[in-house]
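Shown next, in structure tokens, is the structure this report addresses.
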Amino acid sequence: MPVDSLITNHYTHGSLLHSIRDGVKALGKTVDTIHIDDLGPVDEFHIGGRIATQSFLDQLDIDAIHHVLDVGCGLGGSSRFAANRYGCRVTGVDLTQEYVETGKTLCAWVGLASQVTLDVADATTMSYQSDSFDRAFMMHVGMNIDDKERLASELYRVIRPGGRIGIYDIMRIEDGDLAFPVPWASEPAGSAVASPAAYKDALEGAGFSIIAQRNRRDFSLDFFAQLLARTAGAGGPPALGLHILMGSTAPVKLKNMMENISRNLVAPVEIIAQKAA
Ligand SMILES: C[S@@+](CC[C@H](N)C(=O)[O-])C[C@H]1O[C@@H](n2cnc3c(N)ncnc32)[C@H](O)[C@@H]1O
Numbered sequence: 002m003p004v005d006s007l008i009t010n011h012y013t014h015g016s017l018l019h020s021i022r023d024g025v026k027a028l029g030k031t032v033d034t035i036h037i038d039d040l041g042p043v044d045e046f047h048i049g050g051r052i053a054t055q056s057f058l059d060q061l062d063i064d065a066i067h068h069v070l071d072v073g074c075g076l077g078g079s080s081r082f083a084a085n086r087y088g089c090r091v092t093g094v095d096l097t098q099e100y101v102e103t104g105k106t107l108c109a110w111v112g113l114a115s116q117v118t119l120d121v122a123d124a125t126t127m128s129y130q131s132d133s134f135d136r137a138f139m140m141h142v143g144m145n146i147d148d149k150e151r152l153a154s155e156l157y158r159v160i161r162p163g164g165r166i167g168i169y170d171i172m173r174i175e176d177g178d179l180a181f182p183v184p185w186a187s188e189p190a191g192s193a194v195a196s197p198a199a200y201k202d203a204l205e206g207a208g209f210s211i212i213a214q215r216n217r218r219d220f221s222l223d224f225f226a227q228l229l230a231r232t233a234g235a236g237g238p239p240a241l242g243l244h245i246l247m248g249s250t251a252p253v254k255l256k257n258m259m260e261n262i263s264r265n266l267v268a269p270v271e272i273i274a275q276k277a278a
């Protein structure tokens, strides 16, 4: 199967919007009363959810006049958060059509449809003009993209001189076999986890300068411990949560992810880089 299909098959749910509508109802809200913060637990598909997004994006110095690119935006949760927090315009791009279509509906629900645009495309071959974005970020996407050099050069092309990018991905720390399935891949063939050094080489090779790097291992293990405690305390997952995106294999994917991080095989790592002015 072509890699793109392997990835979109992995993420495609089939009736995602319907399931999110059910969750909204279970919360006691409607599509007219739902708030962007209510959606955070289901539309931020990365370790640490909204807390991680805020801490990560605050390092990019995003301004209201900026046009920001969210690469591999999924449902566009981080795009909406950025638009709402910084007042900027955001374009999100993602390979999985169902995520983009669902994300557009969520933008309309929370009144951000004119500030946030979501497109279906491959991050390694985007149709945007060169130098067209002031900032770009990518959260938990590079684990699905084998060709980091091509990804880095495409990011470099679309960012304007002086622009900044942030990557928050699960990266390889020590050698050893990963337990599968994980949230980003059902099997090893869909996974392209690489080390922070490989990311840095690709980014520097494209022309970026690295300005910061942070390993979020301890934060992620705390996050999982709290998530498990909350779920046990409530007798099950919340009305809106990542279990909706991950389906029936959500518990084993989370267990494997925690095990892979606990064994220090992988960790969520942030890299911030800049294109020379
Ligand atoms: C784990 S989700 C993260 C989504 C989003 N960044 C977030 O944090 O909520 C990974 C996303 O990457 C997207 N993706 C994987 N490979 C891609 C590619 N080559 N181009 C664009 N999107 C891609 C998938 O479709 C999926 O939506």
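Note that the working numbering has the sequence shown beginning at 2, numbered continuously upward.
Beta carbons are placed, not taken as given, at the ideal position from N, Cα and C, and that holds for glycine.
Any non-hydrogen atom of ligand 1 closer than 7 Å to residue i Cβ
{"i": "Asp-95", "result": "yes"}
{"i": "Val-69", "result": "no"}
{"i": "Glu-155", "result": "no"}
{"i": "Thr-125", "result": "yes"}
{"i": "Met-140", "result": "yes"}
{"i": "Pro-269", "result": "no"}
{"i": "Ile-146", "result": "yes"}
{"i": "Gly-78", "result": "yes"}
{"i": "Phe-46", "result": "yes"}
{"i": "Cys-89", "result": "no"}
{"i": "Cys-74", "result": "yes"}
{"i": "Tyr-100", "result": "yes"}
{"i": "Tyr-200", "result": "no"}
Residue i versus residue j: straight-line alpha-carbon distance, rounded
{"i": "Val-94", "j": "Glu-102", "result": "11 Å"}
{"i": "Lys-26", "j": "Lys-201", "result": "44 Å"}
{"i": "Gly-112", "j": "Gly-177", "result": "46 Å"}
{"i": "Gly-104", "j": "Asp-38", "result": "15 Å"}
{"i": "Ser-131", "j": "Asp-62", "result": "21 Å"}
{"i": "Ala-198", "j": "Ala-109", "result": "40 Å"}
{"i": "Arg-165", "j": "Phe-46", "result": "22 Å"}
{"i": "Ala-190", "j": "Ile-146", "result": "11 Å"}
{"i": "Arg-213", "j": "Gly-236", "result": "One detail in the question is off: residue 213 reads as Ala in this sequence, not Arg. Rounded to the nearest angstrom, the two C-alpha atoms are 40 Å apart."}
{"i": "Asn-257", "j": "Ala-268", "result": "13 Å"}
{"i": "Ala-83", "j": "Val-253", "result": "31 Å"}
{"i": "Val-4", "j": "Met-247", "result": "19 Å"}
{"i": "Thr-125", "j": "Gln-98", "result": "16 Å"}
Residues sharing a beta bridge with residue i, DSSP
{"i": "Val-183", "result": "Ala-186"}
{"i": "Asn-216", "result": "Val-270"}
{"i": "Ile-166", "result": "Ala-137, Ala-274"}
{"i": "Gly-93", "result": "Asp-71, Leu-119"}
{"i": "Ile-160", "result": "Phe-134"}
{"i": "Ile-171", "result": "Pro-269"}
{"i": "Ile-211", "result": "Ala-274"}
Minimum Cβ-Cβ distance from residue i to chain D less than 8 Å
{"i": "Tyr-157", "result": "Here there is only one protein chain, and chain D is not present."}
When the options are compared against residue i, the one with the closest alpha-carbon
{"i": "Asp-123", "options": "Phe-220, Pro-189, Leu-156, Gly-29", "result": "Leu-156"}
{"i": "Ser-249", "options": "Pro-42, Pro-182, Thr-106", "result": "Pro-182"}
{"i": "Asn-265", "options": "Ala-251, Arg-217, Ala-240", "result": "Arg-217"}
{"i": "Gly-41", "options": "Ala-240, Pro-269, Met-259, Asp-219", "result": "Ala-240"}
{"i": "Ala-277", "options": "Leu-204, Ser-192, Phe-82, Leu-96", "result": "Leu-204"}
{"i": "Ala-114", "options": "Ile-272, Val-91, His-67, Glu-260", "result": "Val-91"}
{"i": "Arg-51", "options": "Asp-33, Ala-65, Thr-13, Gly-77", "result": "Gly-77"}
{"i": "Phe-220", "options": "Gly-208, Ile-262, His-244, Ser-210", "result": "Ile-262"}
{"i": "His-244", "options": "Ser-20, Thr-9, Tyr-100", "result": "Ser-20"}
{"i": "Ile-272", "options": "Asn-10, Leu-28, Asp-59", "result": "Asp-59"}
{"i": "Val-270", "options": "Thr-31, Met-140, Pro-162", "result": "Met-140"}
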